[in-house]
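Chemist: Line order of the protein sequences matches chains C and Y. Residue numbering for the first sequence follows numbering that gives the first Met the number 0, beginning at 0 and increasing consecutively. Residue numbering for the second sequence follows numbering that gives the first Met the number 0, beginning at 0 and increasing consecutively. Using N, Cα and C, we set each Cβ at its ideal position, and we do this for glycine too. I have a structure I would like to understand better, so I am pasting it below and will then ask my questions one at a time.
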Amino acid sequence: MLRRMEIEKVLVPVSGNCVDGEVIRLACEFAQKSGASVCAVYVIEVERSLPLDASLEQKTAEAEEIVSRAQELALEYGYHIDTGLLQAREAGPAIIHEAVEGRADLIVLGVGYRRRLGVFDMGNTTSHVLKEAPCHVVLYREPAAPGSAE
Amino acid sequence: MYIVVVGAGAAGFYLASLLSREKQDVVVVEQDEEAAERARRQLDVAVVVGNAAVPKVLWQAEVQRADLVVAVTGVDETNMITCFMAKELGAKKTVARVRNPEFSSYLLVGAKSPHGPRKVVRPKSLGVDLFVNPEHEAAREIVSILSGLYVTSMEEFAEGRVQLREFKAVSPAVVGKTLEQIPFPRPCVVAMLSRGEDMLTPSGNEVVIHGDRLHLLAAKKDMDELGAIFEVPRHPPRRVVIFGAGTIGFHVAEALEKRGVQVKLIEKSIARSQEISAKLKRTVVVQGGGPDRELLSDEGVAQSDAFVAATGDESLNILAGLVAKNVGVSKNIVLVDKPEYIPLAEAVGVDVALSPLLLCGSRIARYILHGGAVSVALLGKEDAQVIEFIVGPSARVSKHTVGEIDWPKGARVGAVIRGDDVVIPPDTTPIQPGDHVIVVSALSVIPSVERIFKSA
Numbered sequence: 000m001l002r003r004m005e006i007e008k009v010l011v012p013v014s015g016n017c018v019d020g021e022v023i024r025l026a027c028e029f030a031q032k033s034g035a036s037v038c039a040v041y042v043i044e045v046e047r048s049l050p051l052d053a054s055l056e057q058k059t060a061e062a063e064e065i066v067s068r069a070q071e072l073a074l075e076y077g078y079h080i081d082t083g084l085l086q087a088r089e090a091g092p093a094i095i096h097e098a099v100e101g102r103a104d105l106i107v108l109g110v111g112y113r114r115r116l117g118v119f120d121m122g123n124t125t126s127h128v129l130k131e132a133p134c135h136v137v138l139y140r141e142p143a144a145p146g147s148a149e
Numbered sequence: 000m001y002i003v004v005v006g007a008g009a010a011g012f013y014l015a016s017l018l019s020r021e022k023q024d025v026v027v028v029e030q031d032e033e034a035a036e037r038a039r040r041q042l043d044v045a046v047v048v049g050n051a052a053v054p055k056v057l058w059q060a061e062v063q064r065a066d067l068v069v070a071v072t073g074v075d076e077t078n079m080i081t082c083f084m085a086k087e088l089g090a091k092k093t094v095a096r097v098r099n100p101e102f103s104s105y106l107l108v109g110a111k112s113p114h115g116p117r118k119v120v121r122p123k124s125l126g127v128d129l130f131v132n133p134e135h136e137a138a139r140e141i142v143s144i145l146s147g148l149y150v151t152s153m154e155e156f157a158e159g160r161v162q163l164r165e166f167k168a169v170s171p172a173v174v175g176k177t178l179e180q181i182p183f184p185r186p187c188v189v190a191m192l193s194r195g196e197d198m199l200t201p202s203g204n205e206v207v208i209h210g211d212r213l214h215l216l217a218a219k220k221d222m223d224e225l226g227a228i229f230e231v232p233r234h235p236p237r238r239v240v241i242f243g244a245g246t247i248g249f250h251v252a253e254a255l256e257k258r259g260v261q262v263k264l265i266e267k268s269i270a271r272s273q274e275i276s277a278k279l280k281r282t283v284v285v286q287g288g289g290p291d292r293e294l295l296s297d298e299g300v301a302q303s304d305a306f307v308a309a310t311g312d313e314s315l316n317i318l319a320g321l322v323a324k325n326v327g328v329s330k331n332i333v334l335v336d337k338p339e340y341i342p343l344a345e346a347v348g349v350d351v352a353l354s355p356l357l358l359c360g361s362r363i364a365r366y367i368l369h370g371g372a373v374s375v376a377l378l379g380k381e382d383a384q385v386i387e388f389i390v391g392p393s394a395r396v397s398k399h400t401v402g403e404i405d406w407p408k409g410a411r412v413g414a415v416i417r418g419d420d421v422v423i424p425p426d427t428t429p430i431q432p433g434d435h436v437i438v439v440s441a442l443s444v445i446p447s448v449e450r451i452f453k454s455a
C-alpha cells in the first residue's frame, strides 16, 4: 500500500534507543521509493519545574548526538536526511506539531518491547501519535525477548 | 581522507602533523608567509598561502572535495566563516575552533503558541559540524582527573566499561621488575610505556624503571584495584588550589565548587580577581603575584589535596607546580602549551601535565574517527592511538580469535567487550559480530588496522 502512496516528506522521531536503527532504515526505504525527504527529529522533554525555554545544554548535546547518529545511519543506507531538535513538555504533541507544520506525509516511529503490569505497553508518545497524527503512521516494534511475550 | 587545515599556528601545525603522519591527505591554508613556509618545510603536507575567509583561497585548497575542513586560526569569526563557506562549497564535514562560547551555543526559537514546542537552532545547521574549544577541553579533563581515586590522565571506552589510565612507576611493587613479574591484581594490558620523551610498545620482558609511565588498559571495575599497586588510593580532592583565573582556571573552579570541593583561586590581575569573585559563589579568590613559597604556604597549598597551575604561561605553570609540590601538596596538575613539554614537566616532578592543544587534537581525532571506529584516544604526545571498533557481521576479524589475526607491526588488541563482559587478551574465543574491540596502534599502521575491521 505504501508503494502507492504519494510521499514527499517522512518524519522519523528518534529517541536514542535500540529501535532507532531499524526505523531509520525503514524510513529510508519508504522515502527512496518515492524520492521523499526524511527528517529525523528528537524531542527534549522539559520537566514542569523548569520553564519551557530553559537552556538544557547537557540534554541538547545528548540529543545532538542522537540525531547525528541517525544521520550517519541513513548515510550508510545511501540517504541524506535532515535532522531537527525540539524542546517541549511531552514528545507526543511535539511530534504531531512538527508533522503538521512540516507537512509530513508519513511518520515512521519505533517502540521497544516493554511490559507493564503484565501487559504490553507501547507508551504515551506512541499512543498519542497513533491517535492524533494527520498523516500515515508506520509503527515498528522490536522483537520480544524469548519468553517475554504472552 | 582529504583534509584541509586552516591556520598553521601551534594548533594547526600540530593537527596537520598528526594527520599527515596518519597518512591522511592534508592541505594547510595559512595567511602568514613565515608560518606557511615552516609548515611546508617541516610537514608532509601541501600548503596554500592566503586568507581562508576568501572563497578563492578555499577553492584553491580544493575544499569542495574535502572530507574535513578544520579551521583553527586564532580568530573565532574567521574560523566560523571558513566553515560556512567550506560547507557551502561542498566540504563534507567542518570543525571550528571557537573560544567564545556564545558563538557555539544553541538558540531556542519560540512557537506560535506559548505551549507549543520550541525549535532548537543548532550551530551545526549554520555550517559548523563541531566546535572545539581547547580551554573547555582542558577544564573538562582537569575536573575528570580530580574526580577519581588517582590523579592520573584517563580515557574511557565502550560506554565507560573500559578505562585507559596512566600511572607513574615509583612504587617498589613495579620498579625494577619486568612487566611479566609485576603482580597485577586484575587482568590488564600495558598499552604503552613512556620513558622520558620516548614511547615504547612494551614486551613482557621490558624492565620498568623509576619514573616510567605505564598506560594501563583494563575494565573500569578493576582499575581502582590495579591503581593501588602504583600509588595509595586517595579520596577525591576536597580542597583544591588553582593558580591562574583565566578561562580554564575559572571553568575548573566553577565545576569543582558545584561538586562541593573547597576551591581557592589565586589570580595576579586585580580586575580579573574581582570579576571572577563576583561570578563564583563558594570559591575564595585571592589576588596574588608570582608562585613564591610564601604565597603558596599562606594560601594553604600544603593542606590542599591538589594544586592546578592554569595560567597562560607554561613556564610559570611548571614552576608553580614545582613550588606547590615543594610546599607540600600531594598532587599537582599543570597546563603546558606545547605537547613536547609534557614528558619534560613530568620528569621534573609534575604529576600530570596537560596540553589544551593535545586535548583539542584528541577531540578532533575522536570526531574524525576511523572506518567503523566509535572512539579514539591519543597516547602520549601523539605517537599512538587507542581505537575502539565495533565488529560488523562481515568484518574480516569476525569469527577469528585475536591470535589468528595478522595484526600489523605496532598494533595489538587491548580488550574485547562482549555484552557486559570485558575480556583482556590472551583470549581464545572467536571475535563475534557486535563485539567492541579496543586496539592500541602506532599512527603509521592505523590504515592497516582499519582494513582488518572492514567488510571482507
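Could you tell me whether the Cβ of Y366/Y comes closer than 7 angstroms to any Cβ of chain C?
Modeler: In the second sequence, counting from the first residue as 1, residue 366/Y sits at position 367. Y366/Y does not count as touching chain C.
Chemist: Could you tell me the distance, in whole angstroms, from the CA atom of A39/C to the CA atom of T124/C?
Modeler: What you label residue 39/C is simply residue 40 of the first sequence in a count that begins at 1. What you label residue 124/C is simply residue 125 of the first sequence in a count that begins at 1. Rounded to whole angstroms, A39/C to T124/C spans 16 angstroms at the Cα level.
Chemist: So which residues on chain Y does Q86/C lean against when the C-beta distance must stay under 7 angstroms?
Modeler: Walking along the first sequence from the start, residue 86/C turns up at place 87. Those are L107, P116, R117 and V119, listed as they occur along chain Y.
Chemist: Taking C-alpha atoms, which residue in T310/Y, E29/Y and V4/Y lies nearest to L18/Y?
Modeler: As a first step, residue 18/Y must be located in the second sequence, where it is residue number 19. That would be V4/Y, whose Cα lies nearest to the Cα of L18/Y.
Chemist: Looking at the structure shown, is S276/Y part of a helix, part of a strand, or coil, going by DSSP?
Modeler: Residue numbering aside, residue 276/Y sits at position 277 when the second sequence is read from its first letter. Looking at S276/Y - three-state DSSP - the assignment turns out to be helix.
Chemist: For D19/C and chain Y, any beta-carbon pair shorter than 7 angstroms?
Modeler: Reading the first sequence from its first residue, position 20 is the one you call residue 19/C. Output row for D19/C: interface = no.
Chemist: Would you please verify whether the beta carbon of T124/C is less than 7 angstroms from any beta carbon of chain Y?
Modeler: Stepping through the first sequence from its first residue, residue 124/C is reached at position 125. No, its Cβ sits nowhere closer than 7 angstroms to a Cβ of chain Y.
Chemist: Quick check for students: name the residue ranges of the beta strand (DSSP E) that lie wholly in the stretch 111 to 147 of chain C, counting only runs of 3 or more.
Modeler: For the stretch 111 to 147 of chain C, whole beta strand (DSSP E) runs of length 3 or above, ordered along the chain, are 135 to 140.
Chemist: Listed from N- to C-terminal order along the chain, which residues in the stretch 14 to 45 of chain C have their beta-carbon within a distance smaller than 8 angstroms of any beta-carbon of chain Y?
Modeler: The residues in question are V42 and I43.
Chemist: Tell me, please, whether the stretch 340 to 356 of chain Y touches the stretch 299 to 317 of chain Y by the rule of three or more beta-carbon pairs shorter than 8 angstroms.
Modeler: As far as the Cβ criterion goes, the stretch 340 to 356 of chain Y touches the stretch 299 to 317 of chain Y, which means the pair count is three or higher.
Chemist: Which chain Y residues are close to E63/C, counting only those with a beta carbon under 9 angstroms from its beta carbon?
Modeler: Counted from its first residue, the first sequence places residue 63/C at position 64. Ordered by position in chain Y, the residues that pass the 9 angstroms Cβ test against E63/C are Y105, V119, R121 and K123.
Chemist: Leaving aside the five residues before and after P201/Y along the sequence, list all residues of the same chain whose C-beta is less than 6 angstroms from its C-beta, in chain order.
Modeler: Mapped onto the second sequence, residue 201/Y falls at position 202. Once the five neighbours on either side are set aside, the close Cβ partners of P201/Y are L178, V189 and L192.
Chemist: Should K58/C be counted as a contact of the ligand PLP given a C-beta to heavy atom distance under 6 angstroms?
Modeler: In the structure on display, the ligand PLP does not appear, and there are no ligands present to speak of.
Chemist: Looking at C-beta atoms only, is the number of pairs between the stretch 355 to 366 of chain Y and the stretch 130 to 138 of chain Y that lie closer than 8 angstroms three or more?
Modeler: These segments touch.
Chemist: What is the DSSP secondary structure of V401/Y, counted as helix, strand or coil?
Modeler: Taking the second sequence and counting its residues from 1, one reaches residue 401/Y at position 402. Reduced to three states, the DSSP call for V401/Y is helix.
Chemist: For the stretch 111 to 121 of chain Y and the stretch 85 to 92 of chain Y, state whether three or more C-beta atom pairs, one from each stretch, are separated by less than 8 angstroms.
Modeler: Not touching, per the Cβ criterion.
Chemist: Rounded to a whole number of angstroms, what is the C-alpha to C-alpha distance between G15/C and S143/Y?
Modeler: Locating residue 15/C in the first sequence gives position 16, counting from the first residue. Locating residue 143/Y in the second sequence gives position 144, counting from the first residue. Cα-Cα distance, rounded: 25 angstroms.
Chemist: Going by the CB atoms, is the gap between T59/C and Y519/Y shorter than 7 angstroms?
Modeler: As shown, chain Y starts at 0 and ends at 455. That puts residue 519/Y outside it, with no answer to give.
Chemist: Tell me whether Y1/Y sits in a helix, a strand or coil according to DSSP, three-state version.
Modeler: Counted from its first residue, the second sequence places residue 1/Y at position 2. Looking at Y1/Y - three-state DSSP - the assignment turns out to be strand.
Chemist: Leaving out the 5 sequence neighbours to the left and right, which residues in its chain are closer than 6 angstroms to Q30/Y when beta-carbon positions are compared?
Modeler: Looking up residue 30/Y in the second sequence gives position 31. Excluding residues within five positions, the ones whose Cβ falls inside 6 angstroms are N50.
Chemist: What three-state label does DSSP hand C38/C in the structure shown?
Modeler: As a working mapping, residue 38/C is identified with position 39 in the first sequence. Note: C38/C maps to strand in three-state DSSP.
Chemist: Taking Cβ positions, are A305/Y and K330/Y nearer each other than 7 angstroms?
Modeler: Stepping through the second sequence from its first residue, residue 305/Y is reached at position 306. Stepping through the second sequence from its first residue, residue 330/Y is reached at position 331. Cβ atoms of A305/Y and K330/Y: closer than 7 angstroms.
Chemist: Quick one: what does DSSP say I80/C is sitting in, helix, strand or coil?
Modeler: In the first sequence, counting from the first residue as 1, residue 80/C sits at position 81. In the structure shown, I80/C sits in coil (DSSP, three-state: anything other than H, G, I, E or B).
Chemist: Between which two residues does the alpha helix (DSSP H) carrying V444/Y extend?
Modeler: What you label residue 444/Y is simply residue 445 of the second sequence in a count that begins at 1. Premise fails: V444/Y is in no alpha helix (DSSP H) and is neither H nor E.
Chemist: Leaving out five residues on either side along the sequence, give the residues of the same chain with a beta carbon under 8 angstroms from the beta carbon of G159/Y.
Modeler: For the purposes of this step, residue 159/Y is taken as the residue at position 160 of the second sequence. Here the set comprises K219.
Chemist: Please confirm if D52/C has its CB atom under 7 angstroms from at least one CB of chain Y.
Modeler: Numbered from 1 along the first sequence, position 53 holds the residue referred to as residue 52/C. Yes, because at least one Cβ of chain Y sits closer than 7 angstroms to the Cβ of D52/C.
Chemist: Using a C-beta to C-beta distance shorter than 8 angstroms, which residues of chain Y count as neighbours of H96/C?
Modeler: On the first sequence, position 97 is the one that residue 96/C refers to. Going along chain Y in sequence order, the residues near H96/C (Cβ under 8 angstroms) are A110, G115 and P116.
Chemist: By how many angstroms is the C-alpha of I404/Y removed from the C-alpha of A394/Y?
Modeler: Stepping through the second sequence from its first residue, residue 394/Y is reached at position 395. Stepping through the second sequence from its first residue, residue 404/Y is reached at position 405. Answer to the nearest angstrom: the Cα atoms are 12 angstroms apart.
Chemist: At 7 angstroms on the CB atoms, spell out the chain Y contacts of A93/C, in chain order.
Modeler: Here residue 93/C refers to the residue found at position 94 of the first sequence. What A93/C touches in chain Y: P116.
Chemist: With distance defined between alpha-carbon atoms, name the residue in D223/Y, F166/Y, R194/Y and A168/Y nearest to R185/Y.
Modeler: One-based indexing of the second sequence puts residue 185/Y at position 186. Considering only alpha carbons, the answer is D223/Y.
Chemist: Using a Cβ-Cβ cut-off of 6 angstroms (strictly less than) and excluding sequence neighbours within five positions of H250/Y, which residues of its own chain qualify?
Modeler: Within the second sequence, residue 250/Y is the residue found at index 251, counting from 1. A138.
Chemist: Using 7 angstroms as the threshold, is the C-beta distance between K398/Y and P429/Y below it?
Modeler: Numbered from 1 along the second sequence, position 399 holds the residue referred to as residue 398/Y. Numbered from 1 along the second sequence, position 430 holds the residue referred to as residue 429/Y. In contact: K398/Y and P429/Y (Cβ atoms closer than 7 angstroms).
Chemist: Which of helix, strand or coil does DSSP assign to F249/Y?
Modeler: By 1-based counting over the second sequence, the position of residue 249/Y is 250. F249/Y: helix per DSSP, three-state reduction.
Chemist: In its own chain, which residues sit with a C-beta less than 7 angstroms from the C-beta of E21/Y, not counting the 5 before and 5 after it?
Modeler: As a position in the second sequence, residue 21/Y is number 22, starting the count at 1. Excluding sequence neighbours, E21/Y sits near L442 and I445.
Chemist: Which first and last residues belong to the beta strand (DSSP E) in which H209/Y is found?
Modeler: The residue given as residue 209/Y occupies position 210 in the second sequence. Where H209/Y is concerned, there is no enclosing beta strand (DSSP E), given that its DSSP letter is neither H nor E.
Chemist: With a 10 Å radius around its C-beta and 16 neighbouring C-beta atoms as the bar for buried, classify K55/Y as buried or exposed.
Modeler: Along the second sequence, read from residue 1 onward, the residue named residue 55/Y stands at position 56. Per the 10 Å Cβ criterion, exposed.
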